[in-house]
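Each step along the sequence shown adds one to the number in our numbering, with nothing skipped, and position 29 is 16.
Backbone N, C-alpha and C fix where the C-beta goes; we use that ideal spot for every residue, glycine too.
As the structure is a computational prediction, the values presented were derived from the model and not from experiment.
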Amino acid sequence: MGYRTIQNGCQPTGDWIAIVEGDNWVREWPATVSAGWFFPWAGQSRVLHCDWGWYLAELNDAGWRNYWQGEVLRQLRANDGDGVFLDSLSVPNYLGADRFSPALPPLDSAFEGAWTARINNWLTWLQGQAVGEYDLVPNAGAWINNRDSVDYGLADGVMIEGFAIPADASSYPLGDWLLQVNRALGMIQKGRVVIGQTYASGNQERLFALGTYLLIKGQHTFLNIDLGLEPEWWPEYDIPIGVPTESAGADIADLYDGQVYRRSFDNGLVLVNPTSPWDGSGVTHTVDLGGTFCRAQTSGGGEVPASGVPSGSISYQAVTSVTLPPYSAAVLLTCP
């Protein structure tokens, strides 16, 4: 539950955390709270997150559940919302055990198992309540912890934060990329919403995120390149590649062609090389396309100016082969 912003290391003495309700920003923290709403740990009655200024809730507490649902239902109606973004809903020590006060265990199978059960039970309960009539979409973080066994399929979708790539001039180890996209495919196979959010701004990195998105794209799959709070638009969103002509399947290995991952669309194809130069998997591949395609290259984009006209552009180069270094992608259209 959001309390106050953090000052002086881990002191919740800053401004009250506020959320939007209708036309107003309102304080999230209520006038009266119950001790049972909070998860106790290490002899303390509450656990504070030292970055975000919220206290860890006890998801099994009936009073907390009823309070939370009542608040969210009122906000949904006031905001004319279609769904609820649950940020964040992960086993808490996966968010950084030392970022809590008191600190949580960095590795504890019993603790993690109990919290996995809490989250699964919470999602199951929510789906049977009035709030379950709305789409429930948790933030699962990067979703690359192989200890994480939360069943996000109990929700209506998931947001993956740090989708495809953690940052500019960086990449996930190949095994982590494979784990993330296969978990996303598991949700897509169930017809769930998947929102891939990346914070990368470089042209290569953004195209790699786009390529990864196109590999797994289903009926309710979305990519959000996010660098700030202002409205943004990126030229990648306007590449007219069309719709997939083949299923991504349940395992990304189904799209591996021996060199890179490849998926066909009705106006082109996408190629992705997810290897990493930092884990020993990095390799550059040159792919013969077997014909001429127009390769999309993007430039600019970002915050939308006051005019409402987005910046950024797309250019196309006719190619018969492409060279893909580690963590890169090529979006190729049928040339006119």
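1) Just the Cα atoms here: how many angstroms apart are GLY162 and PRO17?
2) What is the C-beta distance between VAL259 and GLY198, in whole angstroms, given that I count them as a contact (C-beta under 8 Å)?
3) Determine contact between the region 209 to 223 and the region 285 to 298, defined as no fewer than three beta-carbon pairs at a distance below 8 Å.
4) Where ASP318 and LEU256 are concerned, what is the direct C-alpha to C-alpha distance, given to the nearest angstrom?
5) Any idea if TYR243 is buried or exposed, counting beta-carbon neighbours within 10 angstroms, 16 or more meaning buried?
6) Using alpha carbons as the reference points, say which of TYR224, TRP130, GLY115 lies closest to LEU123.
7) Can you check whether the CB of CYS37 is closer than 8 Å to the CB of PHE72?
8) Quick one: what does DSSP say THR321 is sitting in, helix, strand or coil?
9) Which value, in whole angstroms, describes the spacing of the CA atoms of ASP74 and PHE252?
10) Is TYR42 near ILE152, with beta carbons less than 8 Å apart?
11) Report the start-end ranges of each beta strand (DSSP E) in the region 232 to 307 that is 3 residues or longer and not cut off at the edges.
12) Just to confirm, are TRP24 and TRP3 a CB contact at a threshold of 8 Å?
13) On the three-state DSSP scale, how would you describe ALA65?
14) Tell me which same chain residues have a C-beta within less than 7 Å of the C-beta of TRP28, skipping the five on either side of it?
15) Could you give the first and the last residue of the continuous alpha helix (DSSP H) run that contains VAL168?
16) Are GLY140 and ARG193 closer than 8 Å when you measure CB to CB?
17) Taking just the CA atoms, how far does GLY144 sit from HIS207?
18) Going by the DSSP bridge assignment, what does TRP12 pair with across the sheet?
19) Run through the region 30 to 115 for me and flag every whole beta strand (DSSP E) of 3 or more residues, listed as ranges in chain order.
20) Using CA coordinates, which residue listed in GLY40, ALA305, PRO323, LEU113 is at the minimum distance from GLY(-4)?
21) Measuring alpha carbon to alpha carbon, tell me which of LEU311, GLY295, ALA293, CYS281 ends up nearest TYR303.
22) Does VAL181 come out as helix, strand or coil in the three-state DSSP assignment?
23) In this structure, what does DSSP give as the bridge partners for GLN206?
24) Please determine, among ALA129, GLN184, SER136, the residue with the shortest C-alpha to C-alpha distance to LEU165.
25) How should GLU233 be labelled, buried or exposed, when 16 other C-beta atoms within 10 angstroms of its C-beta is the threshold for buried?
26) Which of the three DSSP states, helix, strand or coil, is assigned to PHE150?
27) Using CA atoms only, rank isn't needed, just tell me which of GLY267, HIS272, LEU320, SER300 is closest to GLY278.
28) Buried or exposed: GLN167, going by 16 or more other Cβ atoms within 10 Å of its Cβ?
29) Give every residue of the same chain whose Cβ lies closer than 8 Å to the Cβ of ARG64, excluding the five residues on either side of it in the sequence, and list them in chain order.
30) Using CA coordinates, which residue listed in VAL20, SER21, ILE6 is at the minimum distance from ARG14?
31) Looking at ASN254: is its Cβ nearer than 8 Å to the Cβ of ILE228?
32) What does the alpha-carbon distance come out to for the pair SER77 and ASP275?
33) Which stretch, first to last residue, makes up the beta strand (DSSP E) that contains ASP2?
This is what the structure holds:
1) 43 Å
2) 4 Å
3) yes
4) Here residue 318 is Val; the residue named in the question, Asp, does not match the sequence. When rounded, the distance between both Cα atoms is 6 Å.
5) exposed
6) GLY115
7) no
8) strand
9) 33 Å
10) no
11) 248 to 252, 255 to 260, 272 to 286
12) no
13) helix
14) VAL34, PRO89, LEU91
15) 161 to 176
16) no
17) 9 Å
18) VAL7
19) 70 to 73
20) GLY40
21) CYS281
22) strand
23) Its beta-bridge partners do not exist; DSSP assigns none.
24) ALA129
25) exposed
26) coil
27) LEU320
28) buried
29) none
30) ILE6
31) yes
32) 43 Å
33) Note, ASP2: premise wrong, no beta strand (DSSP E); not H, not E.
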